[in-house]
Every structure is written in structure tokens, then in C-alpha cells.
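Below: one structure, written as C-alpha cells.
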Amino acid sequence: KAIVTDIVYVPLITDFLKSAQDQGLKIVDGLGMLLHQAVPGFAHWFGQRPRVTAELRALIEADLFQVKS
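So that you can map any letter, position 40 of the sequence shown is 121 in my numbering, and since no number is skipped, the others follow by simple counting.
Below you can see the structure in the form of C-alpha cells.
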């Protein structure tokens with residue numbers, strides 16, 4: 082067994098991850114890395130260290146993948 086990861090977050094599921102998923106492997110997309118690497122910058126600029134939560138991830142996903150008109 083293996084875990085396959087990709088740092089790309091748009092598209093969330095890349096062809097690489099889809100291929101791994103189709104083979105029954107666990108996959109990790111790049112959105113988590115984006116969120117976690119943003120924490121130090123946010124803390125520097127705003128003086129508060131944000132928590133990376135499932136709710137935050139859902140908000141970012143909704144914003145990234147909304148249909149733009």
C-alpha cells in the first residue's frame with residue numbers, strides 16, 4: 082500500500098491522484114498544504130494564528146471551486 086500526494090489544489094483531484102485512487106490507493110490533495118503554509122503569514126500580518134479546521138477547508142474549497150460568471 083502507498084499514500085499518493087500532489088501539491089496542486091486546482092484541480093483538487095489531478096489526473097495523477099485520480100490514477101492512484103483508481104488503483105485503490107489513499108490520496109492526499111494539495112489543499113491541506115496550502116492552508117497550513119498560510120498560517121505563519123496570516124499570523125505575521127494579523128497577529129493571530131488561525132487554526133486549520135474542516136470548516137476552514139470547506140470554506141476555501143467553496144471559494145476556489147465556485148462558478149465564476
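C-beta: ideal position from N, C-alpha, C; glycine also.
Secondary structure at residue i, three-state DSSP: helix, strand or coil?
| i | result |
| --- | --- |
| I94 | coil |
| V133 | coil |
| V120 | helix |
Could you tell me the alpha carbon to alpha carbon distance between residue i and residue j, rounded to whole angstroms?
| i | j | result |
| --- | --- | --- |
| V89 | G128 | 28 Å |
| I84 | L115 | 18 Å |
| L93 | V120 | 20 Å |
| I108 | V133 | 19 Å |
Assign residue i to buried or exposed, taking buried as 16 or more other Cβ atoms, counted over all protein chains shown, within 10 Å of its Cβ.
| i | result |
| --- | --- |
| A101 | buried |
| D103 | exposed |
Give me, in chain order, the residues of the same chain whose beta-carbon lies closer than 6 Å to that of residue i; leave out the 5 immediate sequence neighbours on both sides.
| i | result |
| --- | --- |
| L112 | Y90 |
| F123 | P131 |
Worksheet item: Quick one: any contact between the stretch 102-116 and the stretch 130-142, if contact means 3 or more CB pairs under 8 Å?
Response: The stretch 102-116, when compared against the stretch 130-142, does touch it at the 8 Å Cβ threshold.
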